[in-house]
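Accompanying notes for the structure given below.
Written out as structure tokens, the structure is:
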């Protein structure tokens, strides 16, 4: 087992404004906060290269490392981070002190292995619905990912959380009935033919025929002279 990464953090004091944060980043560091283990939160700066290396490792943000703050070393994890929306650079991180003898909840990725029979012989596509699962375990038992073989997955079959490999060290928090993956059909684009378009075109509404209106019933006709008398 390789030695854990050691992240050295430098405490920062005073009001931390946008201008101060910009100067910290220009100097090659990024602002961070460390908290947890019933100790006060501490504002620090860290090397972004180390944090990127941790986030891009096999265990990713679940990596446990040694955090050295002014000579005081504690186990810690990255629990949140922010990237610049334009350049994608790390601009801030949150770290949490970890008690190695206490169980904690984390999310770990689910990795599907193999090519499903539904893809090989049935012309379907593999749809992974759930990509991370929440578990509870001791920090030392956190897996980098949870693997499951999907080679026998065919149309009509569903892999659920209950089908993932379980062991006594892990407690699954995500509902066991939650869908992890299944096979879906490839949707073909249908090109409409002229006949189909004509069939879908609604018929033009009938136009009322123009013509003479029905004459009044006998006895209902009003004489012109009577109309003139009525106006007087």
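Residue numbers (the numbering used here): 504 to 735.
Using N, Cα and C, we set each Cβ at its ideal position, and we do this for glycine too.
For residue 524, no beta strand (DSSP E) segment is defined; the enclosing uninterrupted segment is the alpha helix (DSSP H) at 521-529. From the listed residues 586, 543, 688, the smallest Cα separation to residue 551 is found for 586.
By alpha-carbon distance to residue 633, the top candidate from 650, 645, 624 is 650. With respect to residue 647, residue 599 sits apart: the two C-beta atoms are not nearer than 8 Å. Taking C-beta atoms as the reference points, residue 611 and residue 670 fail to come closer than 8 Å.
For the pair residue 630 and residue 686, the Cα-to-Cα distance works out to about 6 Å. Boundaries of the alpha helix (DSSP H) around residue 623: 620-623. Contact annotation, residue 567 with residue 642: C-beta distance approximately 6 Å; criterion of less than 8 Å satisfied. Within 10 angstroms of the beta-carbon of residue 506 lie fewer than 16 other beta-carbons, which makes it exposed. By the neighbour-count criterion, in which a residue is buried when 16 or more other Cβ atoms sit within 10 angstroms of its Cβ, residue 665 is exposed. Straight-line spacing of the CA atoms in residue 681 and residue 663 works out to 5 Å.
Between residue 547 and residue 535, the C-beta gap is smaller than 8 Å, which places the two residues in contact. At least 8 Å separates the beta-carbon of residue 675 from that of residue 645.
Taking a contact as a CB-CB distance under 8 Å, the pair residue 654 and residue 618 counts as one, their CB atoms being some 7 Å apart. By the beta-carbon neighbour count (other beta carbons within 10 angstroms, threshold 16), residue 589 is exposed. Only exposed fits residue 616, as fewer than 16 other CB atoms lie within 10 angstroms of its CB.
Ranking 555, 542, 683 by CA distance to the CA of residue 592 puts 555 first.
In the structure shown, the three-state DSSP call for residue 541 is coil. Rounded to the nearest whole angstrom, the C-alpha separation of residue 603 and residue 623 is 44 Å. Residue 581 sits away from residue 553, with the two beta carbons spaced by 8 Å or more.
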